[in-house]
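*Asks:* Protein chains in written order, with the numbering used here: chain A, 1 to 361; chain B, 362 to 569. No residue lacks a Cβ here, since even glycine has one placed at the ideal position from N, Cα and C. Keep in mind it's a predicted model, so treat the numbers as computed, not measured. Please read through the structure below; I'll follow up with questions.
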Amino acid sequence: MAAFYGFPEEGTVTPEAARAGDVIIVNSHATLLGDGLDVDYRDESMTLLTPQGKGYVLSPRQWWAFDAHDFGEENLFNRIWITPTAIDFGFVTEVDSATFEIWNAWLRRAVTVTSRTTTGNATGFTLTAAATPFDIAPMGLNTSTVQIELDGPSQQDTTFVMIIDGAQYTVDITATRTLTFTSEPDWGRGLEFGYTFQTIVFTNPYFVEQRRPAAPCSWRRSRLLFLVNGAIAQDLFNTFIYGHDKVFCVPIYQERMDPVTLTAGTKTITLAASTVSLWNLNNRATHVMLVDHALGVAEVKAIDTIAAMTITTDEAIVATFDPDATTVYPIYFGILHAVKLDPATDTTSLLSAEFREYIDG
Amino acid sequence: MADSLLNLGAQPLFTLAPNWATSLNTSFAISRLLTEYPGTAQALDSLTDDAPYMFDAGFLLATKAEEYTLLAFFNARRGMNQRFWMRHPQAAFTLKTAALAGSSSLTCESNASWQPFRGWERLYIRMSTGDTLTRQIATLTHDTVADTAVLTLSSPLDRGVTLTNHDLIGRLPLVRLADDTLSHKIASDKVSEVDLSFIELVKEYAEL
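Shown next as structure tokens:
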């Protein structure tokens, strides 16, 4: 049975009545001290480390500390904590997972998770969690894992609703799925790439100005022309129709990189030339797209690190790419603003598309 | 020697040179109060002695390094938001007599530049070696006897400037970009072009 002790003054404390499993809090003015300190408080006295205002929460041979000004024992215990209550997976370019926890912060009371239901999108994720109903012991922790899948709604919005001892708790899952296209634009007609800030300028007839930046960074846009034929033209046009309300991975073609090695199951892409002069890659890119132009295969990987001649990805490359047929592009996430199909012949088309950067949030 | 960049007030200098093959044009903003009614005479009132430079220039980016420089500069300036010094690509003064190292005076061909002179103007001297000198013009007067424009610089020259060892003496206005959008026309994965417009910030010299 846990016990609760409060010591308002700095000094030496001997919680003689404490036993394994007890919780001891010294004052309510605690400071986060880290973890790992091993205190056998049953045999030895415990000395406060700093002046009045330090606190400890002890479980058997371990301790936690916390900032009690905002998060004290009066707010921390005797309730249920769901952490986090919202998980945003951002742009989904590969399978990803996250966990949420139910912490029963009741000191002496077990709770029962009687049900868990899903509202919103019912597909696009895999939940690994204990079957309901189940109990959580006092101070016990239950962990569930959500895996976001590549396939699913373009805008994932799912809520897990849990009933715990009659009260409702929720965890929101959000994500934005992305589309890719593998056709290279027609370089013979040139590309346009733009960077736009939003500055509010006030000026008067005497040329006095006030300028205020309204955008924290430039928004990018691309205007691309594709000269495409037959089924490729149909594929691209249909992809754009399908993606009219969705987010695309837009390659930054002018920063194309030729790989020397990229191997399925590894995370390192070795490049043929230095990346140091590629501004978007080094300053704005979070992902790269690998496109095998011979096979028409594309894969988008989150960037872990960028060096002069290598890019390391967060997750291993899945597909098999031929380096001699593959190009690596940094990408930005964009939405379609205009698409126009100009037939050149009955099977060949000149397809123009304009993308503008999508800032999620 | 190296560049001698003085009197810039800690504001950056835009270093890329315009492409003369594309359109380069310069104008200035006009502000005045003209009062008129149908069928009446007009009344012209001056609002300010300032007439800010406005000019457009194209830039050919022949390497990825030049492209990186331009994009880094544009994004650091946040489009129209922040100011910088821009070397106006045309000659503003024609040197008439050589200036010795340590001198703070330039004697140039008469060009009426003392008429719109306001006191905050900067110039740059592009030496034949490629070095750039920047200085503030403290005074600019007309020597009516010799019919020359006499410039007194805020800081002395660190080298002699002769009629033959420099390419150009140009204006160095404090500017911002006139547009929040940089439109990058990409010819290949190496070569691209950009057109930029600049406007002088005549009321912000006093802060520097």
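1) So, is residue 403 of chain B buried or exposed, given that buried needs 16 or more other C-beta atoms within 10 angstroms?
2) Taking only the alpha-carbon atoms, compute the straight-line gap between residue 263 of chain A and residue 293 of chain A and give it to the nearest angstrom.
3) If you draw a straight line from the C-alpha of residue 20 of chain A to the C-alpha of residue 245 of chain A, how long is it?
4) I'd like to confirm the pairing. Which residues does DSSP put opposite residue 389 of chain B in its beta bridges?
5) Secondary structure at residue 244 of chain A, three-state DSSP: helix, strand or coil?
6) Check distances from the C-beta atoms of the region 411-441 of chain B to those of chain A and list, in chain order, the residues that come in under 8 Å.
7) Give the secondary structure of residue 443 of chain B by DSSP, where H, G and I count as helix, E and B as strand, and everything else as coil.
8) For chain A, find out if any of its Cβ atoms is closer than 8 Å to the Cβ of residue 390 of chain B; answer yes or no.
9) Measure the alpha-carbon distance for residue 78 of chain A versus residue 139 of chain A and round it to whole angstroms.
10) Whose C-alpha, out of A/177, A/304 and A/237, is nearest the C-alpha of residue 342 of chain A?
11) Closer than 8 Å by beta-carbon distance: list the chain A residues that pair up with residue 404 of chain B, in chain order.
12) Tell me the rounded alpha-carbon separation between residue 224 of chain A and residue 350 of chain A.
13) For residue 561 of chain B, collect the residues of the same chain with a Cβ closer than 6 Å to its Cβ; drop the 5 residues on either side in sequence, then sort them by chain order.
14) Check whether the region 371-390 of chain B touches the region 441-459 of chain B, taking contact to mean three or more Cβ pairs, one atom from each stretch, closer than 8 Å.
15) Quick check: residue 564 of chain B and residue 209 of chain A, are their CB atoms within less than 8 Å of each other?
16) For residue 469 of chain B, which beta-bridge partners are listed by DSSP?
17) When you check each C-beta in the region 535-568 of chain B against every C-beta of chain A, which residues fall closer than 7 Å?
18) For chain A, find out if any of its Cβ atoms is closer than 8 Å to the Cβ of residue 509 of chain B; answer yes or no.
19) Nearest CA to the CA of residue 323 of chain A: which residue from A/81, A/285, A/214 and A/272?
20) Counting only Cβ pairs nearer than 7 Å, list the residues of chain B close to residue 190 of chain A.
21) Closest by CA to residue 510 of chain B, which one among B/473, B/486 and B/496?
22) Give me, in chain order, the residues of the same chain whose beta-carbon lies closer than 7 Å to that of residue 407 of chain B; leave out the 5 immediate sequence neighbours on both sides.
23) Would residue 529 of chain B and residue 469 of chain B be called neighbours here (beta carbons separated by less than 8 Å)?
24) Using the beta-carbon of each residue, which ones in chain B are nearer than 7 Å to residue 198 of chain A?
25) Could you pull the DSSP bridge partners for residue 195 of chain A from this structure?
26) Using the beta-carbon of each residue, which ones in chain B are nearer than 7 Å to residue 271 of chain A?
27) Excluding the 5 residues flanking residue 302 of chain A on each side, which residues of the same chain have their C-beta closer than 8 Å to its C-beta?
28) Counting C-beta neighbours from all protein chains within 10 Å, is the total for residue 497 of chain B 16 or more, i.e. buried, or is it exposed?
29) Could you tell me whether any Cβ in chain B is nearer than 8 Å to the Cβ of residue 234 of chain A?
30) Does the region 127-142 of chain A come close enough to the region 101-115 of chain A that 3 or more CB-CB pairs lie under 8 Å?
*Replies:* So, to answer that:
1) exposed
2) 16 Å
3) Below a pLDDT of 50, predicted positions are generally treated as unreliable, and residue 20 of chain A, at 41, falls in that range; the measurement from the model is reported next regardless. Going from the Cα of residue 20 of chain A to the Cα of residue 245 of chain A covers about 58 Å.
4) B/414
5) helix
6) 411, 413, 424, 425, 426, 428, 429, 432, 433, 435, 436, 439, 440 and 441
7) coil
8) yes
9) 9 Å
10) A/237
11) Under the 8 Å cutoff, chain A gives no residues; its nearest Cβ is about 16 Å from residue 404 of chain B.
12) 10 Å
13) 413, 414, 534 and 536
14) yes
15) yes
16) B/456 and B/510
17) 541, 542, 543, 544, 545, 546, 547, 548, 549, 550, 553, 562, 563 and 564
18) no
19) A/272
20) 546, 547 and 548
21) B/473
22) 393
23) no
24) 541
25) A/220 and B/543
26) None at all; the shortest Cβ gap to chain B is about 13 Å.
27) 93, 94, 286, 287, 313, 314 and 315
28) buried
29) no
30) yes
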